[in-house]
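Engineer: Have a look at the structure that comes next, please.
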Amino acid sequence: MAPILRYGADSSLILDSCEDALLGQCGVPDVAPVADIRAELRRALAAPLGYPPFSAVITPGDRVVLTLADDVPGLPDLVAAIIESLVEGRVDPEAITVLRSSRAVNQDPCRALPKTLRSQVVSLCHTGEEPDRLAYLAATEDGHAVMLHRAIVDADLVIPIGCFRGSAAAGYHGLHTPIYPAFSNDETLRRFRSTATLDARGRHRKRLTQEADEVGWLLGIAFTIQVMPASGDRVHEILAGDVDAVGHRGMRLFSELWHQRTARPAGLVLAALEGNSAHQTWENLGRALEAATPLVEEGGALALCTELAELPGVAVQCLKKARSRDEAVGRIQRDEAYDAVTALQLARALDHCSIYLLSKLENSLVEDLEMTPVDEASDLARLAGRFESVLLLGNASYTRVTVESDDEA
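Under this note's numbering, think of the first position of the sequence shown as 304, with each following residue one higher.
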């Protein structure tokens, strides 16, 4: 049977011309997704990891804030289930605030709630550019002033809702990422989005993760809800409970599902972003580039299967405006725009291999960014037939593949 690579909300690429060249298919865990997200979360809340039942810790009269990571699978159902549980515990709906980042400005995380309840819950979109909405919490051990959205600082109970990723994934700083830096000020967001986080040894990233953990401790965050992703925008498992217990189990399970091996690099890597529009982002494209590029032979090709439609940010656009790639990289590292990490990931990938992009972007834009636009998925199937070795990488924003020959070196 010909291999199939799924991408976007409900698209697929059938590769019937490269079966003999196929080294393997990674990033497609053989697990069943959760059928009923609300019921699954309620089960997790009834028996949290290392924590009393959620109903026993709800206090009527509490001011509760839910802080949301950007692209959590099944988020509207998760939000609805947790809010309904809070209301059943006699928390006033008007005392519940749902916080999302400015990148999710066009998404309504409360849309799965009944209309009456939805109208009572406070839903806010955070921006670090509004000082009046920020409040000082404390200073970290390194002397950084911790500024957070005022609703978080004023809350009696803060519940982060996030999604597990690999520890090396760009923009991921552990279980407290949905609080800090997500809902801090611009200065903090710039530090956490610095291209220094791509340091090969991960020292800078480790310090930032420790800082996020410290802020979680300063806030007294003891309870968290984290999603273990399945393919696309589906959910494999929901983990709720004590932060340490959820973290230990979650990272072990994430490694089992999403960390794989391949015998050697391939001449062509076909990498896919699966999921709805919330997952078709430049940030996830950058993560896919970071995961896939080391799997491509020097001078080989990388083809990205996406339904990306959003326009690139300031830093990525530097790559099309500069006279040379080196000049662009210098400007990207100097200016540190919000998408600087993604821009540097793209520049490094272009230094290593040719890149083909299937997306919903204008061909002229893709060409200006030094990638080859692909109009139809069938064009990639024909491209695959020209290579002696091909590797398929599904769900490339989650997957991490180790080349076994690198381990032996």
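The beta-carbon is built from N, C-alpha and C at its ideal position, and this holds for glycine as well. Remember, it's a predicted structure, so these values are computed and weren't measured experimentally.
Tell me which residues share the same chain as Ala712 and place their Cβ nearer than 6 Å to its Cβ, disregarding the 5 neighbours each side in the sequence.
Structural biologist: Only weak support is given to the placement of Ala712: the predicted model assigns it a pLDDT of 47, under 50, and the question is left unresolved by the model.
Engineer: CB-CB under 7 Å to His452, same chain, minus the five flanking residues each way: which ones, in chain order?
Structural biologist: Correct list, in chain order: Leu402, His429, Arg436, Leu437, Phe486.
Engineer: Where does Ala712 sit, in a helix, a strand or coil, going by DSSP?
Structural biologist: Note that Ala712 has pLDDT 47, beneath the 50 cutoff, so the model's placement of it is unreliable and no number is given.
Engineer: Per the DSSP calculation, Tyr659 is bridged to which residue(s)?
Structural biologist: Per DSSP, Ala606, Thr675.
Engineer: Would you kindly work out how many angstroms separate the C-alpha atoms of His725 and Val549, rounded to a whole number?
Structural biologist: Past the boundaries of the shown model lies residue 725; the chain is included only from 304 to 712, so the question cannot be answered.
Engineer: Tell me which same chain residues have a C-beta within less than 6 Å of the C-beta of Gln563, skipping the five on either side of it?
Structural biologist: Hits under 6 Å: Cys329, Val704.
Engineer: Taking the alpha-carbon positions, what's the Gly353 to Ala383 distance?
Structural biologist: Straight-line Cα distance between these residues: approximately 24 Å.
Engineer: Considering only C-alpha positions, which residue in the set Ser405, Val408, Asp395, Gln410 is nearest to Gln423?
Structural biologist: Answer by Cα proximity: Asp395.
Engineer: Where does Arg309 sit, in a helix, a strand or coil, going by DSSP?
Structural biologist: Three-state DSSP puts Arg309 in a strand.
Engineer: Can the beta-carbon of Leu501 be found less than 9 Å from the beta-carbon of Gln648?
Structural biologist: Yes, they are a contact pair.
Engineer: Excluding the five sequence neighbours on either side, which residues of its own chain have a C-beta within less than 8 Å of the C-beta of Ala473, listed in chain order?
Structural biologist: So the qualifying residues of the chain are Thr500, Leu501, Glu586, Gly589, Arg590, Glu593, Val644, Thr645, Gln648.
Engineer: Would you kindly check if the distance between the Cβ of Pro532 and the Cβ of Tyr310 is under 9 Å?
Structural biologist: It is not a contact, given that the beta carbons lie outside the stated cut-off.
Engineer: How far does the alpha helix (DSSP H) with Phe526 in it extend, from its first residue to its last?
Structural biologist: Segment 526-532 is the beta strand (DSSP E) holding Phe526; no alpha helix (DSSP H) there.
Engineer: Excluding five sequence neighbours on each side, which residues of the same chain lie with their C-beta closer than 6 Å to the C-beta of Cys321?
Structural biologist: Once the five neighbours on either side are set aside, the close Cβ partners of Cys321 are Ala687, Gly688, Val693.
Engineer: Please tell me whether Ile464 and Thr400 are closer than 9 Å, where the distance is taken between their beta carbons.
Structural biologist: Taking 9 Å as the Cβ cut-off, Ile464 and Thr400 do not qualify as a contacting pair.
Engineer: Determine whether the beta carbon atoms of Phe495 and Pro484 lie at a separation below 9 Å.
Structural biologist: Closer than 9 Å, so yes.
Engineer: From Gly616, Ile541, Asp629, Ala612, pick the residue whose C-alpha is nearest to that of Val337; which is it?
Structural biologist: Residue Ile541 is the option with its Cα nearest to Val337.
Engineer: What residue ranges within the segment 317-368 form continuous alpha helix (DSSP H) runs of no fewer than 4 residues, ordered along the chain?
Structural biologist: Those alpha helix (DSSP H) runs which fall completely within the segment 317-368 and span 4+ residues are 340-349, 357-360.
Engineer: Does the segment 601-609 come close enough to the segment 566-574 that 3 or more CB-CB pairs lie under 8 Å?
Structural biologist: At 8 Å Cβ cutoff, the stretches touch.
Engineer: Once you ignore the five residues that flank Ala458 on each side, which residues in its own chain have a CB closer than 7 Å to its CB?
Structural biologist: Arg366, Val367, Val368.
Engineer: Can you tell which of Leu614, Ala566, Asp547 has the C-alpha that lies nearest to the C-alpha of Ser580?
Structural biologist: Of the listed residues, the one whose Cα sits closest to Ser580 is Leu614.
Engineer: Can you tell me whether Asn488 is buried or exposed, with buried defined as 16 or more other CB within 10 angstroms of its CB?
Structural biologist: Flag for Asn488 reads buried.
Engineer: Counting only the same chain and skipping the five closest in sequence on each side, list residues whose C-beta sits under 8 Å from that of Glu715.
Structural biologist: Shown here, the chain extends from 304 to 712; a query on residue 715 therefore has no answer.
Engineer: Under 9 Å between the Cβ atoms of Leu381 and Leu420?
Structural biologist: No, Cβ-Cβ distance for Leu381 and Leu420 is not below 9 Å.
Engineer: Looking at C-alpha atoms only, which residue of His539, Glu630, Arg393 is the closest neighbour of Val360?
Structural biologist: It is Arg393.
Engineer: Helix or strand or just coil, what does DSSP make of His577?
Structural biologist: Here residue 577 is Glu; the residue named in the question, His, does not match the sequence. Residue state, collapsed to three classes: strand.
Engineer: If you draw a straight line from the alpha carbon of Val599 to that of Ala684, how long is it in whole angstroms?
Structural biologist: Their Cα atoms are separated by approximately 17 Å.
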